[in-house]
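Inspection log for the structure reproduced underneath, given as structure tokens.
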Amino acid sequence: MRLLFQSSRRFFRRHPGQLVLALAGMAAGVAVMTGVALMRDVLIDSLDGAADALAGRDSVRVTAPGGPLDEDLYRELALQQESPPLTPVLRQRVTVGEGRLELLGIDPFSGGGRGLLPPDLLARLLASPDAAAANASTLERLGLAAGEELTVSLGERTLELELVGPLPAGRELDDRLLMDIAALQAATGRQGELSWIDAPAGASAWLRERLPDSLELGSASQRRDAAARLTQGMRANLSAMGLISLAVGLFVIFSVLSFLLVQRRRSIAMLRAVGVTSGRITALLLIETAILAGLGALIGLALGTMLAGGLIGLVRVPVAELYGLLAPAGVQPSVGLYAFIWLASVATALISVAGLLDEARRIPPGRILRQPPPEPRRRRVGVIAALLLLGTAVVTVLASRSLPIAFSALFLALGGFALLAPEIGVRALSGLRRIAPASLAGRALALLLAGQKRIRPALAALSLALALATGLAMMVLGFRAAVDDWIDRLLRADSYVTASQGGLEAATVERVATLPGIAETSSARRVTVADGRQLIAYDLPSRAWAGFEWLAGDGPAAFEAFRSGEAVVVSEPLARRDGLGVGDDVRLETPAGERRFPVAAVYRDYASERGSIAIHAPLYRRLYDDPRRDSLGLYYSEAAVDEAALADRIHAIDPDLQLTGREAVRETTLAVFDRTFRISWALAALVAVIAVIALVSALLAMGLERRRDYATLRALGLTRGRLHALVVSQTAGLALAAALVAVPLSIAIHLGLSLVIQPRAFGWSLPLSWPLTPPALMLPLALLCGLLAGLYPAWRIGRRDPAPELKAE
Amino acid sequence: MVENNPPKAPALALGGVSRRFSAGDRIVPVLDALDLELRRGERVAVMGASGSGKSTLLNLAAGMDRPDEGSVAVLGESLAAIPEPSLTRFRARHIGLVFQDFNLIDSLDVRENIALPLWLNGIDPGSGEAEALAETLGVAALLDRMPGQLSGGEKQRVAIARALVHDPELLLADEPTGSLDEATAGRVLALFDRVTAERGCALILVTHNPEAAAVCDRRLQLRGGRLHEH
Chain G
22 MRLLFQSSRR FFRRHPGQLV LALAGMAAGV AVMTGVALMR DVLIDSLDGA
72 ADALAGRDSV RVTAPGGPLD EDLYRELALQ QESPPLTPVL RQRVTVGEGR
122 LELLGIDPFS GGGRGLLPPD LLARLLASPD AAAANASTLE RLGLAAGEEL
172 TVSLGERTLE LELVGPLPAG RELDDRLLMD IAALQAATGR QGELSWIDAP
222 AGASAWLRER LPDSLELGSA SQRRDAAARL TQGMRANLSA MGLISLAVGL
272 FVIFSVLSFL LVQRRRSIAM LRAVGVTSGR ITALLLIETA ILAGLGALIG
322 LALGTMLAGG LIGLVRVPVA ELYGLLAPAG VQPSVGLYAF IWLASVATAL
372 ISVAGLLDEA RRIPPGRILR QPPPEPRRRR VGVIAALLLL GTAVVTVLAS
422 RSLPIAFSAL FLALGGFALL APEIGVRALS GLRRIAPASL AGRALALLLA
472 GQKRIRPALA ALSLALALAT GLAMMVLGFR AAVDDWIDRL LRADSYVTAS
522 QGGLEAATVE RVATLPGIAE TSSARRVTVA DGRQLIAYDL PSRAWAGFEW
572 LAGDGPAAFE AFRSGEAVVV SEPLARRDGL GVGDDVRLET PAGERRFPVA
622 AVYRDYASER GSIAIHAPLY RRLYDDPRRD SLGLYYSEAA VDEAALADRI
672 HAIDPDLQLT GREAVRETTL AVFDRTFRIS WALAALVAVI AVIALVSALL
722 AMGLERRRDY ATLRALGLTR GRLHALVVSQ TAGLALAAAL VAVPLSIAIH
772 LGLSLVIQPR AFGWSLPLSW PLTPPALMLP LALLCGLLAG LYPAWRIGRR
822 DPAPELKAE
Chain Z
2 MVENNPPKAP ALALGGVSRR FSAGDRIVPV LDALDLELRR GERVAVMGAS
52 GSGKSTLLNL AAGMDRPDEG SVAVLGESLA AIPEPSLTRF RARHIGLVFQ
102 DFNLIDSLDV RENIALPLWL NGIDPGSGEA EALAETLGVA ALLDRMPGQL
152 SGGEKQRVAI ARALVHDPEL LLADEPTGSL DEATAGRVLA LFDRVTAERG
202 CALILVTHNP EAAAVCDRRL QLRGGRLHEH
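First to last, the sequence lines map onto chains G and Z.
Under my numbering, the very last position in the first sequence is 830; numbers go up by exactly one each time.
Under my numbering, the very last position in the second sequence is 231; numbers go up by exactly one each time.
Listed below in structure tokens is the structure:
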């Protein structure tokens with residue numbers, strides 16, 4: 022074997038380009054996979070960063086459902102005998118440009134706050150009410166140094182902070198600034214409020230004995246579970262994209278290794294002739310593949326770690342906007358995760374080249390196989406396997422409502438399509454060839470079809486990648502149209518009033534409602550009740566009620582039942598998650614005890630994947646003794662209300678109030694949506710890049726295999742320019758055939774994502790839509806991509822002198 | 002330019018042609034100040050040991066390689082003066098090549114392979130020329146077959162048909178009868194005889210076979226980088 026390895030080593034030394042291509046394919050697939058896996062962990066960690074820093078990973082937390090805690094509670098608890106170390110925290114979310122920060126108000130002399138700050142930082146924090154301490158990575162991201170000023174936005178208000186630091190704290194305090202709690206309360210107008218109290222895990226029993234029933238005591242694992250649940254849909258979607266990237270990367274490995282096999286077919290045949298057994302040849306190639314895949318995977322792990330930083334940058338804002346979670350800016354890689362990805366990638370690469378190894382084993386001694394004979398039986402088996410996979414996927418989806426099973430079905434279906442795509446793609450290429458068989462392009466496609474064994478993996482990878490990117494784009498555009506339609510229907514008021522802090526008091530609502538030009542108002546109050554569900558108390562006039570889209574139940578009858586306080590209506594995600602239908606009872610824990618209400622209707626809602634129970638506001642106020650509103654809708658009595666003047670009058674009532682026009686609310690909502698899907702676009706683009714690597718490597722493999730044909734054509738009089746045109750026609754033809762296959766596949770993926778994955782991942786259904794822009798754009802873009810991808814192979818093939826290639830073997 | 006070549010110009014003229022290749026640190030001279038003139042319709046057999054430079058000679062004559070020294074002219078046109086794309090078109094129009102290893106295009110059927118030079122010259126392949134040559138060479142029944150379905154001898158005849166289909170003035174054949182049985186080899190040589198006589202096509206026949214060489218007007222031995230009368 023030593024001689025065989027030496028021959029192998031020399032081969033790669035002479036062909037560094039192939040080595041680079043193989044490593045690049047593997048590295049690209051593994052990089053995306055690693056990036057996504059690291060990002061998933063960050064999403065799970067995101068909820069608990071502050072608790073980790075202040076009270077340790079196993080701390081317990083006291084919270085008040087639906088609102089802030091009263092600071093007096095902390096004083097009462099802290100003054101009791103044998104009180105455990107308690108950490109009162111006030112959290113205030115602020116924005117800096119598009120970025121999000123959390124201001125954490127702590128008492129530096131109590132509980133976890135003690136010892137968190139070095140003496141010099143503590144002194145500076147106490148000396149200035151505007152001082153905020155940041156760790157080094159936060160300062161770096163903000164582009165500021167300690168001592169500089171930072172302006173943050175709090176609704177329409179701004180706060181000027183003086184940065185101190187760097188705080189000796191890790192990623193758990195990324196983008197979290199520590200302030201003295203009293204200073205933060207004063208700066209935000211939240212005197213007497215706490216967001217939560219953290220305590221060590223051992224204090225759980227002590228606290229449980231003393232806390233009133235209206236407060237909650239949650240463990241660290243409960244908080245982490247909550248974060249995991251919150252981001253479940255997003256993480257599942259990201260994981261799926263990561264796996265798809267790896268699959269496309271494996272197609273590259275397959276293409277490149279088949280390319281290497283073609284190059285060495287003569288050597289292998291000669292080795293076989295001098296007595297090297299087929300077993301040894303297989304072992305050699307197996308070891309080579311393992312080394313290539315292993316090295317590529319190592320590079321992929323490093324690249325993926327870097328990529329994760331960029332991907333996290335794309336998800337941090339939407340995660341904050343949608344889930345209220347502040348994800349750490351850095352990743353925390355673990356040896357276990359790296360080892361798992363590395364082993365899984367190498368194993369998958371070895372499995373993916375099993376067919377090639379078999380082909381190598383069959384090379385007869387001393388003879389060069391010109392063109393492997395067609396294998397109709399194997400192809401028939403492939404088609405049957407594809408149909409079986411597709412059938413199993415459909416049955417699985419129909420039989421279960423589980424998200425993991427839906428993803429499994431999606432992968433089965435994609436596997437089936439991957440097996441079918443080359444068959445259909447080859448037919449599409451034949452069809453394209455028949456358009457002008459005698460033309461240069463027609464003959465180019467004939468040559469391409471002759472090397473179809475090499476182009477099959479590329480056809481599968483390209484069509485899958487194009488279909489995924491296009492199907493994803495169709496789903497996102499369809500979803501966006503649905504959200505636009507939903508928000509357009511829902512926003513019935515002319516403008517909306519919100520408060521920067523703590524909602525609107527009843528008296529404020531009264532005064533705003535009686536301003537000149539206001540015909541009527543609506544209001545909403547959102548709270549999270551004891552069992553974690555979201556409750557929305559609506560005061561809605563009839564015309565606002567018309568903005569709801571009912572998915573179950575009779576709208577007018579439901580309105581009557583709702584207004585009379587006899588029933589509630591629930592959002593679709595809640596109805597799906599809890600299996601609720603019209604007539605089912607919803608149980609509500611109220612300060613006055615448990616109450617049950619029948620569900621009068623189910624409405625479409627894209628605001629929260631957790632789901633909401635809508636209750637008539639007067640009933641809510643009675644049950645929960647909470648007169649506040651989060652937002653107020655204003656319906657103007659006349660068409661032309663001077664909104665600037667109205668805003669001034671509203672500010673005069675309370676400077677903390679903001680007036681936002683209907684269109685601005687709509688635009689903000691859609692902007693949040695667009696930011697949420699930036700990560701999807703980025704992953705789709707990465708998949709497309711990997712697919713282009715697959716295309717180029719397949720064409721190089723094919724070019725090498727057909728080099729004698731190209732040399733013959735050159736010798737017979739095909740000019741270099743026409744040869745370039747011929748090769749580029751092939752890449753363009755291949756890309757076009759893949760795009761033609763991808764069109765129906767992308768529609769299937771769009772339907773699968775919209776009708777199967779979205780309802781299971783997020784709980785909401787999407788109205789069926791047919792956004793045709795993505796497939797219409799995909800065809801010319803694929804053609805362009807094919808043309809560009811052909812330039813390098815054309816140059817490589819065209820620059821060879823024909824004479825040496827034509828020498829007798 | 003090429004179409005206006007002097008009618009009396011030789012089909013091929015090599016003057017003082019030298020060609021060297023590097024092998025590691027060494028420079029190996031393959032052709033050394035070689036001279037050869039071939040009249041139109043003349044047939045020359047070139048024989049020589051393996052590695053003596055026979056294929057290099059054919060490559061230079063076809064314009065697929067350039068000499069280090071000396072000149073190569075086909076039909077009075079100096080190949081050195083013709084830029085690459087025009088040289089390729091010149092070859093497509095005026096030269097027929099028969100390769101030792103056939104070099105049929107696997108993805109094209111027999112009819113398409115034979116008609117390939119017509120396509121490259123922009124000639125309608127439906128003229129019947131390909132079929133007529135196939136008939137003459139005994140491969141008419143194979144026109145719809147793919148190269149992978151042919152025997153070695155059948156492939157060689159298809160390759161010869163492809164070399165002749167566009168009526169070249171210079172035919173360069175590298176061991177054209179090497180894969181053929183005696184009877185078929187005889188038919189091929191007879192065809193070469195007819196083509197050169199009727200069409201005025203000059204032929205360089207590289208062969209190891211003395212019987213094939215015997216049908217040529219001159220028999221040359223390539224030795225020490227130069228041609229010697231046999």
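All C-beta atoms, glycine included, are put in the ideal place defined by N, C-alpha and C.
Kindly indicate the opening and closing residues of the alpha helix (DSSP H) around residue i.
i               : result
M799 of chain G : 794-819
L363 of chain G : The sequence shown places Trp at residue 363 of chain G, rather than the Leu named in the question. W363 of chain G -> alpha helix (DSSP H) spans 356-373.
F91 of chain Z  : 85-95
L165 of chain Z : 153-165
Q751 of chain G : 741-772
L109 of chain Z : That residue, L109 of chain Z, is in no alpha helix (DSSP H); it is neither H nor E in DSSP.
Indicate whether at least one CB of chain Z lies closer than 8 Å to the CB of residue i.
i               : result
P393 of chain G : Summary for P393 of chain G: the model assigns pLDDT 45, below 50, so the residue's position carries little reliability; its value from the coordinates is reported in the next sentence. With 8 Å as the cut-off, P393 of chain G does not count as an interface residue toward chain Z.
D195 of chain G : no
G331 of chain G : no
T733 of chain G : yes
R729 of chain G : yes
A311 of chain G : no
Determine, using beta carbons only, whether residue i comes closer than 8 Å to chain G.
i               : result
T178 of chain Z : no
M2 of chain Z   : A caution first: M2 of chain Z carries a pLDDT of 41, below 50, which makes its placement in the model unreliable, though a value can still be read off. Taking Cβ atoms only, chain G never reaches closer than 8 Å to M2 of chain Z, which makes this a no.
A213 of chain Z : no
L134 of chain Z : no
M48 of chain Z  : no
Hey, residue i and residue j: beta-carbon distance below 8 Å or not?
i               : j               : result
I372 of chain G : T55 of chain G  : no
I700 of chain G : A49 of chain G  : no
V1 of chain Z   : L88 of chain Z  : Shown here, chain Z extends from 2 to 231; a query on residue 1 of chain Z therefore has no answer.
L313 of chain G : L493 of chain G : no
A12 of chain Z  : V75 of chain Z  : yes
T733 of chain G : I106 of chain Z : yes
S516 of chain G : R683 of chain G : yes
M200 of chain G : A144 of chain G : no
P150 of chain G : A99 of chain G  : no
D647 of chain G : R510 of chain G : no
For a contact meaning CB atoms closer than 7 Å, what does residue i contact in chain A?
i               : result
T740 of chain G : The chain inventory of the structure shown lacks chain A, comprising the protein chains G and Z.
Over what stretch of residues does the beta strand (DSSP E) that includes residue i continue unbroken?
i               : result
W571 of chain G : 571-573
Y627 of chain G : Neither: Y627 of chain G is in no beta strand (DSSP E) and is coded neither H nor E.
V23 of chain Z  : The sequence given here has Ser at residue 23 of chain Z, not Val. 13-24 is the extent of the beta strand (DSSP E) around S23 of chain Z.
For residue i, count the other beta carbons within 10 Å of its own beta carbon; 16 or more makes it buried, fewer makes it exposed. Which is it?
i               : result
A375 of chain G : exposed
I456 of chain G : exposed
A692 of chain G : exposed
E169 of chain G : exposed
F783 of chain G : buried
W816 of chain G : exposed
R112 of chain Z : buried
E630 of chain G : buried
Who are the Cβ neighbours of residue i in its own chain at under 6 Å, not counting the five residues just before and after it?
i               : result
Y731 of chain G : I818
M495 of chain G : H771, P792, P795
V336 of chain G : I700
Would you say the beta carbon of residue i is closer than 7 Å to some non-hydrogen atom of the ligand NAD?
i               : result
T549 of chain G : Of ligands this structure carries none, so the ligand NAD is not represented either.
Residues in the same chain with beta-carbon distance under 7 Å from residue i, minus the five sequence neighbours each way, listed in chain order, please.
i               : result
E230 of chain Z : L221
Y645 of chain G : T611, P612
V717 of chain G : A810, Y813, P814
Ordered along the chain, which non-local residues of its own chain (more than five positions away) have a Cβ less than 8 Å from that of residue i?
i               : result
R112 of chain G : A71, E123, L124, L125, G126, S216, W217
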